[in-house]
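Enquirer: In terms of our numbering, the sequence shown opens at residue 16 and continues consecutively. Every residue, glycine too, gets a C-beta built ideally from N, C-alpha and C. Note that the coordinates shown come from a computational prediction; the quantities given were computed from them, not determined experimentally.
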Amino acid sequence: MGKRFSTFLLDRILEQEKKEREELRLRLIEKLFKTFDMLSHEIPIKEAYLFGSITKPYRFQKDSDVDIGFIGLKDEYFFKAMSVISREIGRDVDVVQLEEHRLIEKIKKDGVKWIKENSQY
């Protein structure tokens, strides 16, 4: 007859890691919105949508990149926006211009939206 073993410690460690990943995800969303606020004073952006794993509780991983869709991000500011955001949050970002993106409606419906307040653009 086989001996049963407890997975209590493993379960506890996995639960703690899951909690830490979720806290990281929420902190990143907050930091991203602050970065968008700051960036909107340098680059004419009005709306941004976070999509992908960062929008899903407990799905974001420590090495996940961040998917961001912008409305109104002009070509000449694309790489500046991507590099500033990546530097500010300390991880890779995938930036898309939503106006002509094939998944625009899904991203707008399911994404986490940021809007520039008091837009001058």
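Taking the alpha carbon of Glu57 as the point to measure from, which residue in Glu38, Val110, Phe93 has its own alpha carbon closest?
Expert: Translated into the one-based positions of the sequence shown, residue 57 becomes position 42. Comparing Cα-Cα distances from Glu57 to each of Glu38, Val110, Phe93, the minimum goes to Phe93.
Enquirer: Tell me whether Asp107 sits in a helix, a strand or coil according to DSSP, three-state version.
Expert: On the sequence shown, residue 107 is found 92 positions in, with the first residue counted as 1. In this structure, Asp107 counts as coil in the three-state DSSP scheme.
Enquirer: What separation, rounded to the nearest whole angstrom, lies between the Cα atoms of Val111 and Thr22?
Expert: What you label residue 111 is simply residue 96 of the sequence shown in a count that begins at 1. What you label residue 22 is simply residue 7 of the sequence shown in a count that begins at 1. Their backbone Cα atoms lie some 43 Å apart in a straight line.
Enquirer: Assuming Gly87 contacts Glu62 under a Cβ cut-off of 8 Å, what Cβ separation, rounded to an integer in Å, is found between them?
Expert: Residue 87 sits at position 72 when you count from the first residue of the sequence shown. Residue 62 sits at position 47 when you count from the first residue of the sequence shown. Right, their Cβ atoms sit about 7 Å apart.
Enquirer: Based on the DSSP secondary-structure assignment, which residues constitute the bridge partners of Asp82?
Expert: As a position in the sequence shown, residue 82 is number 67, starting the count at 1. Phe66, Asp109, per the DSSP bridge assignment.
Enquirer: With DSSP run on the structure shown, which of helix, strand or coil describes Lys128?
Expert: Start at 1 with the first residue of the sequence shown, and residue 128 comes out as number 113. Three-state result, Lys128: strand.
Enquirer: Could you tell me if Arg40 is buried or exposed, where buried requires 16 or more neighbouring beta carbons within 10 angstroms of its beta carbon?
Expert: Start at 1 with the first residue of the sequence shown, and residue 40 comes out as number 25. So Arg40 counts as buried.
Enquirer: Grab me the residues of Leu113's own chain with a C-beta within less than 6 Å of its C-beta, minus the 5 sequence neighbours each way, in chain order.
Expert: Mapped onto the sequence shown, residue 113 falls at position 98. The answer, listed in chain order, is Gly84, Ile86, Ile119.
Enquirer: Is Gln31 helix, strand or coil by DSSP?
Expert: Counting from one through the sequence shown, the residue named residue 31 turns up at place 16. Helix at Gln31.
Enquirer: Taking the C-alpha atoms as reference points, what is the distance between Asp125 and Phe66?
Expert: By 1-based counting over the sequence shown, the position of residue 125 is 110. By 1-based counting over the sequence shown, the position of residue 66 is 51. Going by the C-alpha atoms only, they are around 7 Å apart.
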